[in-house]
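Working notes, structure below.
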Amino acid sequence: MTSVSSPEILLKNIAELITMAPENIDNNKPRTGKDMGKLGNITDGAVAIGNGKIICVGSTRDVLGQLDLSANTSVIDCTGKTVLPGFVDPHTHLIFSGSRESELTLKLEGKTYMDILQSGGGILKTVHATRNASLDDLLVEAKKRLDIMLEHGTTTLEAKSGYGLSEDSELRSLQAIKDLGNIHVMDIVPTFLGAHARPPELPDDPDRYIDLIISDMLPNVEQRRLAEFCDVFCEEGVFSVDQSERLLRSAKDHGLKPKLHIDEFVHLGGAKLAATLCATSADHLMMTSDDDLSAMAEAGVIGVLLPGTPFALMEKEYPNAQRMLELGVPIALATDLNPNCMTESMQFIISIACYNMKLLPAQAITAATINAAHAIDRAELVGSLEVGKQADMIILDVPNYQHIPYHFGINHVIKVIKKGKLVVDKYKIRSSNI
Ligand SMILES: [Zn+2]
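In terms of the working numbering, the sequence shown has 102 at position 9, counting the first letter as 1, and numbering is strictly consecutive.
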């Protein structure tokens, strides 16, 4: 056995180590079907970390046999604990101002989405608040959410603009994402979602708004390197399949990779467009047909499922996740954090993915780690615990991963290691690291 240099951190005696790197599985592509259930579990495991990366992973006995421990190694005993790769949240609307807590009462009193919108609530309330927020205001509000995410075990996320719906406000939202990436330990993948909704100035002219995005916003986004992906809300009454295609083809010319919100309320055909454009992911998929899912499977488009959204809308129907896996669609899970689905916790999403969407616990863990990393093109860096990958991992106070969905509504994450540094300890962020 070759000896590896002295690690900075060693996790040992881990009751259950979930590597997400089982034998005979190629982590270079997202998983579907039966492979979703293979976690690469190791009993009494250990992980050694140096220079921000994983340098050794295996059973405690094997890892200790390969290491030269020095006095500088910080050893963390993980007896009775579970260790996982940090969660990856591949769909969040991180940047918005204000909140809409009073709408829960209205929804429970039977008011519809349109009633709420017409009384000055809904998305337009958030658009108004976000337009009026300064860059500093946006940073303060979003940083608080990032801290909560980190304390709940998310170590990488995607963040969208989309509550500005004007050039000035959309660019400010993207600038906030960029600034947060520089000041916060979290890895943030930026997505331009100027086409999140029709702006209040152009409620009946979506073509004109798409023209504006193409002529005025996309060149700026590219020039200032503000986004990696471009997303669109392709839905009846918002943007059509043709309008979405026009936008995403132009975005591709500006170097942005496509993502789509599709079929949340009606089956419009956005999945075929996602397949044609070889989009990285198509998200929501509440109403997508088998035929469309097969097209996605063929093109390798990842289905990002957001069970928090039907939960918050108090709907009975959830996306048919098991059918997607049968048809060969790789699936990932995300919070969809937004003012109408107000959660930062991937643990909570994993629970409702199991209880309401019928994912098995092991499938949900795969969807929240390695497949979620694929859904934002970060699988070569994060999403599994393998030698050479970024040392992003979480220590949970449970003896095995099945407790994560089973024991719901609380935070199991006691420690978080991000890029080789202990950033959360005793459930709290260590401020010196942020
Ligand atoms: Zn969304």
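The beta-carbon is built from N, C-alpha and C at its ideal position, and this holds for glycine as well.
- Boundaries of the alpha helix (DSSP H) around SER266: 260 to 276.
- Rounded to the nearest whole angstrom, the CA to CA distance from ILE510 to LYS482 is 13 Å.
- In this structure, ASP356 has its beta carbon at no less than 7 Å from each heavy atom of ligand 1.
- With distances taken between CA atoms, SER152 lies nearest to LEU104 out of LEU104, PRO403 and VAL168.
- The three-state secondary structure of LEU478, taken from DSSP, is coil.
- For a cut-off of 8 Å, the C-beta gap from ASN464 to ALA414 is around 12 Å, too long to register as a contact.
- In this structure, GLU328 and PHE285 do not form a Cβ contact; the two beta carbons are roughly 18 Å apart against a cut-off of 8 Å.
- Here the segment 337 to 346 makes contact with the segment 299 to 310; the two share three or more CB pairs at distances below 8 Å.
- Straight through space, the alpha carbons of LEU132 and TYR494 are spaced by roughly 10 Å.
- A residue is called buried once 16 or more other Cβ atoms fall within 10 Å of its Cβ, and ARG318, having fewer, is exposed.
- Judged by pairs of C-beta atoms under 8 Å, the segment 231 to 242 does not touch the segment 160 to 177, as fewer than three such pairs exist.
- Comparing C-alpha distances from GLY138 to each of SER387, ASP128, GLY126 and ASP155 shows the shortest one belongs to ASP155.
- Taking a C-beta distance under 8 Å as the contact criterion, ALA290 and VAL331 qualify as a contact pair.
- Ranked by how close their Cα comes to the Cα of ILE458, the residues LEU361, HIS184, SER192 and PHE441 have PHE441 in first place.
- Spanning the alpha carbons of ALA364 and GLY421 requires a straight line of approximately 14 Å.
- Contact between ARG339 and ILE303 holds: CB atoms are separated by about 6 Å, below the 8 Å threshold.
- With contacts defined as CB atoms closer than 8 Å, THR462 and MET129 fail to qualify as a contacting pair.
- Look at ASP298: its beta carbon is at least 7 Å from all of the heavy atoms in ligand 1.
- In this structure, the beta-carbon distance from VAL397 to CYS149 does not fall below 8 Å.
- Annotation: the segment 152 to 189 contains the following complete segments of the alpha helix (DSSP H) (minimum length 4 residues), in chain order: 153 to 159.
- The residue among ASP119, ALA164 and ALA108 with its C-alpha nearest the C-alpha of VAL140 is ALA108.
- The beta carbon of ASP429 sits closer than 7 Å to at least one heavy atom of ligand 1.
- Nearest Cα to ALA392 within the set MET407, PRO423 and PRO183: PRO423.
- Excluding residues up to 5 positions away in sequence, ALA364, LEU378, GLY396, ARG416, MET417, LEU420 and VAL422 lie with their Cβ nearer than 8 Å to the Cβ of LEU386 in the same chain.
- 8 Å or more divides the Cβ of PRO432 from the Cβ of PRO498.
- Under a 10 Å Cβ-count criterion, ASN144 is classified as exposed, with fewer than 16 other Cβ atoms of the shown protein chains found around its own Cβ.
- Three or more pairs of CB atoms, one per stretch, sit closer than 8 Å, so the segment 219 to 233 contacts the segment 259 to 275.
- Between ligand 1 and HIS347, a heavy atom-to-CB distance of less than 7 Å is absent.
- Contact between ALA235 and LEU187 holds: their C-beta atoms lie close to 5 Å from each other, under 8 Å.
- By the neighbour-count criterion, in which 16 or more other beta carbons inside 10 Å mark a residue as buried, GLY213 falls on the exposed side.
- Closer than 7 Å to some heavy atom of ligand 1: that does not describe the Cβ of HIS467.
- Shortest gap from the CB of HIS277 to any heavy atom of ligand 1: 7 Å or more.
- Between the beta-carbon of ALA388 and that of ALA368 there is about 4 Å, and that keeps the pair under the 8 Å contact cut.
- When rounded, the separation of the alpha-carbon atoms in SER195 and LYS204 is 12 Å.
- Contact annotation: SER477 and ASN120 have beta-carbon atoms nearer than 8 Å.
- With a cutoff of 8 Å on beta-carbon distance, GLU251 and PRO183 are scored as near each other.
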